Structures are given as structure tokens and as C-alpha cells.
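Residue numbers (our numbering): 1 to 51. Cβ coordinates follow ideal geometry from the N, Cα and C atoms, glycine included. Since the model is a prediction, treat every value here as computed from it, not as a measurement. Below: one structure, written as C-alpha cells.
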């Protein structure tokens with residue numbers, strides 16, 4: 001699980017569910033592949049997985 005506050009909401013990643021809340025509006029997206037999860041970790045949290 002990763003979660004971080006942003007100036008206008010929050011971004012969370014739990015299992016394969018990416019949840020972005022901005023200005024009270026919530027968007028959820030199911031990440032289909034490991035590559036999608038790795039890309040979300042990199043883009044939204046600055047976490048780069050090696051291997």
C-alpha cells in the first residue's frame with residue numbers, strides 16, 4: 001500500500017487499485033499488469049522497482 005497527500009487531495013495504490021482524489025472527486029482505476037503497477041509507483045510516488 002502506498003498513499004500520499006497532494007495539495008488538492010490524495011493518491012493511493014493498494015493491490016492493483018489506483019485511487020486519485022482531487023478536489024473531492026475520486027477516480028479509481030484497476031491496474032491490469034505488473035508493468036502498470038510499476039509505472040504507477042514511479043509516476044505517482046517516485047518509487048523505481050528494479051529487476
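Check whether residue i and residue j have beta carbons under 7 Å apart
i, j, result
"residue 25", "residue 8", "no"
"residue 11", "residue 1", "no"
"residue 38", "residue 49", "yes"
The alpha helix (DSSP H) enclosing residue i, as first and last residue numbers
i, result
"residue 43", "34 to 45"
Residues bridged to residue i [DSSP beta-bridge criterion]
i, result
"residue 9", "6, 22"
"residue 29", "18"
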